[in-house]
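Number of protein chains: 2
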Amino acid sequence: MSRSGAELALLLLGAYRRMVDEVVAGLAAQGYPDVRPVHDFAMRAIADGADSASELGRRMSVSKQAAAKTIAVLVERGYVDREADPADARRKRLDVTPLGFEVMRAGEALFDELRESFAREIGASGLASLEAALQTLVGDSVVRIETPGWVAQELD
Amino acid sequence: MSRSGAELALLLLGAYRRMVDEVVAGLAAQGYPDVRPVHDFAMRAIADGADSASELGRRMSVSKQAAAKTIAVLVERGYVDREADPADARRKRLDVTPLGFEVMRAGEALFDELRESFAREIGASGLASLEAALQTLVGDSVVRIETPGWVAQELD
DNA sequence: CCATCATAGACAACATGGTTGTCGTTCGGT
DNA sequence: ACCGAACGACAACCATGTTGTCTATGATGG
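Line order of the protein sequences matches chains Y and R.
FYI, my numbering numbers position 116 of the first sequence as 817, with every residue one higher than the one before it.
FYI, my numbering numbers position 1 of the second sequence as 702, with every residue one higher than the one before it.
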């Protein structure tokens, strides 16, 4: 084996960074500046039913305080709406705004374009085996991230 | 195409995180707590001739101030030595200590073990195609990171 | 020889994205 | 009616980066 394990890690990180950097740059070019991956991720979770900061924190495996900071950014940019929950005075209900959905759609489109350009570079079958290999290696951890019935962690 | 571009990005990130998390945990178990990837990277650069904070910053594409903070951590933990440069009173010469080399060796071994366990999971040929595909996708960006004759950027 | 410019590093302020801990308020189950 | 659990707010802190400013030193060219 000529390649080292550390190089493999750098390759994985490099490929991820290439995707994320291009999508962030693409969104910025479309008038959505400074949209970080965590913002997109949080909006998806909110759209998917995480309607409170505590719930969002559980889904993203971060503390509710960290989730609240992310939410504050999204609210400030108009991507998420935050209003009192009539049914529970402790909660502030969260909703993704039309603008937020715009960003999510634009991000998805950019990611998909990027994936298609990958397919052109390494071939459709090459991409399929790449994804299959990665799926085997990461096991179900990606699935776990997207599982709606999130397993609550020890945070808070 | 059933899979989305965003999922591909998550897979790449997940695989990277799996490697890094296991190596960090392994190093901690061997008595090197809190060694972050950036620490290993910085030590490699220092061992490779980046003997000042400014030079290290250039090689890692971060500001010299950020490099100096990383160096401060490494010095405090005894992984790097820092002493006045007799030939240039502005500089503080950097050297990786024997303890630092121990950490680097341990990290390499853990990364290589992990890569071998990947080979068991997806086969040696599967790993080879994975690496080839990633190399194609990232282009020369990884090479650029390791290039000794680093292209100075606009930082500072 | 010396004026000027570039560089090294120290220090401060700040941003981002996390963490813990504490607290008041509200909800819900016994 | 109570008490525990949960929500959100607030503060303090950490890690890792950024700028910007400053001093000391080195290098270069007239």
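Glycine included, C-beta positions come from ideal geometry on N, C-alpha and C.
Bear in mind the structure is a predicted one, so any value in this text is a computation, not a measurement.
DSSP places Y/V776 in the uninterrupted alpha helix (DSSP H) bounded by K765 to E777. At least 8 Å separates the beta-carbon of R/L800 from that of Y/Y717.
Look at R/E822: its C-beta is under 8 Å from a C-beta on chain Y. Taking the C-beta atoms as reference points, Y/E809 is found nearer than 8 Å to R/S705.
Here DSSP, grouped into helix, strand and coil, assigns R/D786 to coil. What Y/A716 touches in chain R, judged by beta-carbon distance under 7 Å, is L713, L835, L838 and V839, going in chain order. Residue pairing from DSSP places Y/D796 in a beta bridge opposite Y/D782. According to the DSSP assignment, Y/Y717 belongs to the alpha helix (DSSP H) that extends over G706 to A730.
Put simply, the CB of R/D722 is far from chain Y, with every gap to its CB atoms at 8 Å or more.
Among the residues of the region 749-766 of chain R, none has a Cβ less than 7 Å away from any Cβ of chain Y. With a threshold of 8 Å between beta carbons, Y/R719 makes contact with chain R. Note on Y/F802: under 16 other CB atoms within 10 angstroms of its CB, so exposed under the neighbour-count rule. Counting the other CB atoms within 10 Å of its CB gives R/R806 a total below 16, which places it among the exposed residues. When the beta-carbon positions are compared, R/A820 and R/L828 come within less than 8 Å of each other. Annotated three-state conformation of R/V736 is coil, per DSSP. For Y/S826, the three-state secondary structure derived from DSSP is helix. Residue contact with chain Y for R/A807: absent (no Cβ-Cβ distance below 8 Å to any residue of chain Y). By the CB criterion at 8 Å, R/I772 and R/V781 fall inside the cutoff.
Counting other Cβ atoms within 10 Å of its Cβ, R/R791 stays below 16 and is therefore classed as exposed. When the beta-carbon positions are compared, Y/L728 and Y/V804 come within less than 8 Å of each other. Taking R/S755 as the centre and dropping the five residues before and after it, the same chain places the C-beta of K765 closer than 7 Å to its C-beta, in chain order.
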